[in-house]
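A.B. asks: To convert, note that position 114 of the sequence shown is 200 in my numbering; the numbers rise steadily by one, no gaps.
Heads up, the beta-carbon is just placed ideally off N, CA and C, and yes, glycines get one too.
Keep in mind the model is a prediction, meaning the values are calculated, not measured.
Just passing along the structure, written as structure tokens.
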Amino acid sequence: MQNPLPSASSIIDLVHSGEDYFDRLADLIETARTEIQFQTYIFNGDETGKRIFQLLKNASQRGVKIFLLLDGFGSTSFPELWVHELKEMGVHIRFFSPFLASKSYFLGRRLHHKIVVVDAEIVLIGGINIADKYKGTKDEKAWLDYAVLISDIGLAMQLRKLCQNIFDAKKRNTRKRIVSNLPESEIMLISILRNDWLKRKNEIPKAYIEHIKEAKSDVIILGSYFIPGRRLTNALQNAAKRGVRVALVFSGISDVPLMKRATAHLYKKLLQHSIELFEWNQSVLHAKTAVIDGKWTTIGSFNLNNLSAYASIEMNVAIRNEEFASAFADHLVGIIEQCDRLSLENLDLRTGVFSPLLNWMAFKTVRFIFMILTYNPYK
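This is the structure:
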């Protein structure tokens, strides 16, 4: 008799920002036996950061080998005292491309992914950084974001090796995609999508565009810092033209007001192409995720803009599984029901006389900034 096929719930769990993410992360660190690969863009020295820092110290004292890679710009608030303490305990800690000390003129190339691999057995990956704003406080609701917890040894082993190579700064230009060791016949395919234009990797935008082009019924995207390129914009518009429901959810409360205005410049054109637009106003929306046709899901660090596409080092997980995608789509429908819906009618009512001009100026400014940050003299 064959063993029963594994269900999505036994292999991969959706993780929400707030207590859910940080409790799961704490549990992973506390139960680690041999090694932790930990790479993130932001690791703040606030209360949330202190909690994770102490857990890493405790793990190191138990003999767990730890490799901690932080972005040199995103984690500037990581206390120098913590660096010394961790190094004295034998923790391997490094900053990716320190902003003021970098020998590279490619300013936009930041380590933007957020991934933890424990004992080469389990992976926590998504868009959530280590900071109070992602956990939430008594005065502020956690930023809306997601991650996934994957229990797949084959994939975890591959990601452990990848993380070690990045930590060691090994220059490898392999085009091999990281996939789960589960055969496709088991109706579950988990892939790790990477983006690093300098290394000629553009797997994430390519996957978005391919799946949107093939969409038959619906596309739901939660997009922070949304300034898509022409190919993605055309794919979304063409999908809506084919009768596919395209629903885009943006943040009504932004930590980068200039970016919010730049995105707002696109609202009218998107609405004119029958694309549904929504704004989440309960907290900052930081999620970078999509569900297409209730079959394909992606969650990770990749923002739909040129900075992620042509500069930052990004990582998403892609899941082709109807059980997981349907459950996540239902959750996102619940999010949409709590959003403010935008229309051509209420768009005119909610904006002032000068808003279209200010939005256009913001859009041009953001595009110019992206052009500077994505400039690569080594192309």
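Going by C-alpha to C-alpha distance, which of ILE216, PHE181, GLY104 and LEU100 sits closest to ASP132?
C.D. replies: Here residue 132 refers to the residue found at position 46 of the sequence shown. With distances taken between Cα atoms, ASP132 lies closest to ILE216.
A.B. asks: Does the region 218 to 227 come close enough to the region 123 to 138 to have 3 or more Cβ pairs within less than 8 Å?
C.D. replies: The answer is yes - the region 123 to 138 touches the region 218 to 227, with three or more Cβ pairs under 8 Å.
A.B. asks: Using CA atoms only, rank isn't needed, just tell me which of ALA350, VAL177 and TYR127 is closest to PHE440.
C.D. replies: As a position in the sequence shown, residue 440 is number 354, starting the count at 1. It is ALA350 whose Cα lies nearest to the Cα of PHE440.
A.B. asks: Based on the DSSP output, what are the partners of GLN125 in its beta bridges?
C.D. replies: Within the sequence shown, numbered from 1, the residue matching residue 125 stands at position 39. Answer is LEU155 and ILE201, bridged to GLN125.
A.B. asks: How is ASN130 classed by DSSP in three states: helix, strand or coil?
C.D. replies: One-based indexing of the sequence shown puts residue 130 at position 44. ASN130 falls in the coil class under three-state DSSP.
A.B. asks: State the DSSP-derived secondary structure class of THR384, mapped to helix, strand or coil.
C.D. replies: Locating residue 384 in the sequence shown gives position 298, counting from the first residue. Three-state result, THR384: strand.
A.B. asks: DSSP three-state call for HIS372: helix, strand or coil?
C.D. replies: The residue you call residue 372 lines up with position 286 of the sequence shown. Three-state DSSP puts HIS372 in coil, outside helix and strand.
A.B. asks: Would you grab the beta carbon distance between THR384 and ALA415 for me? Rounded to a whole angstrom, and I think it's under 8 Å.
C.D. replies: Position 298 of the sequence shown holds residue 384. Position 329 of the sequence shown holds residue 415. About 13 Å; that fails the 8 Å criterion.
A.B. asks: Which residue from LEU418, LYS374, ARG119 and GLY149 puts its Cα closest to that of ILE208?
C.D. replies: Start at 1 with the first residue of the sequence shown, and residue 208 comes out as number 122. The option with the nearest alpha carbon to ILE208 is ARG119.
A.B. asks: How many angstroms separate the CA atom of GLU409 from the CA atom of ILE115?
C.D. replies: The residue given as residue 409 occupies position 323 in the sequence shown. The residue given as residue 115 occupies position 29 in the sequence shown. For GLU409 and ILE115, the distance between alpha carbons rounds to 29 Å.
A.B. asks: Pull the bridge partners of GLY240 from the DSSP assignment, please.
C.D. replies: For the purposes of this step, residue 240 is identified with residue 154 of the sequence shown, where counting begins at 1. Its beta-bridge partners do not exist; DSSP assigns none.
A.B. asks: Find the nearest neighbour of SER146 within the set ALA333, HIS178 and SER394, judged by alpha-carbon distance.
C.D. replies: As a working note, residue 146 is residue 60 in the sequence shown. Ranking ALA333, HIS178 and SER394 by Cα distance to SER146 puts HIS178 first.
A.B. asks: From the DSSP output, read off the bridge partner residues of SER277.
C.D. replies: Within the sequence shown, the letter at position 191 stands for residue 277. VAL265 and ALA404, per the DSSP bridge assignment.
A.B. asks: Please classify GLU270 as buried or exposed, where buried requires at least 16 other C-beta atoms within 10 Å of its C-beta.
C.D. replies: In the sequence shown, residue 270 corresponds to position 184, counting from 1. Confidence at GLU270 is low in this model, with a pLDDT of 49, below 50, so its placement is unreliable and the value that follows should be read with caution. Flag for GLU270 reads exposed.
A.B. asks: In or out: ILE278 buried (at least 16 other Cβ within 10 Å) or exposed?
C.D. replies: For the purposes of this step, residue 278 is taken as residue 192 along the sequence shown, with counting starting at 1. Its Cβ being crowded by 16 or more others within 10 Å, ILE278 is buried.
A.B. asks: What three-state label does DSSP hand TRP446 in the structure shown?
C.D. replies: By one-based count along the sequence shown, residue 446 stands at place 360. Three-state result, TRP446: helix.
A.B. asks: Going along the chain, which residues of its own chain have a beta-carbon closer than 8 Å to the beta-carbon of THR260, five neighbours each way excluded?
C.D. replies: The residue labelled residue 260 in the question sits at position 174 within the sequence shown. With a pLDDT of 49 at THR260, under the threshold of 50, the modelled position of that residue is not reliable, and the figure given next carries that caveat. So the list is empty, once near-sequence residues are dropped.
A.B. asks: At which residues does the alpha helix (DSSP H) containing ILE216 begin and terminate?
C.D. replies: Locating residue 216 in the sequence shown gives position 130, where the first residue counts as 1. Premise fails: ILE216 is in no alpha helix (DSSP H) and is neither H nor E.
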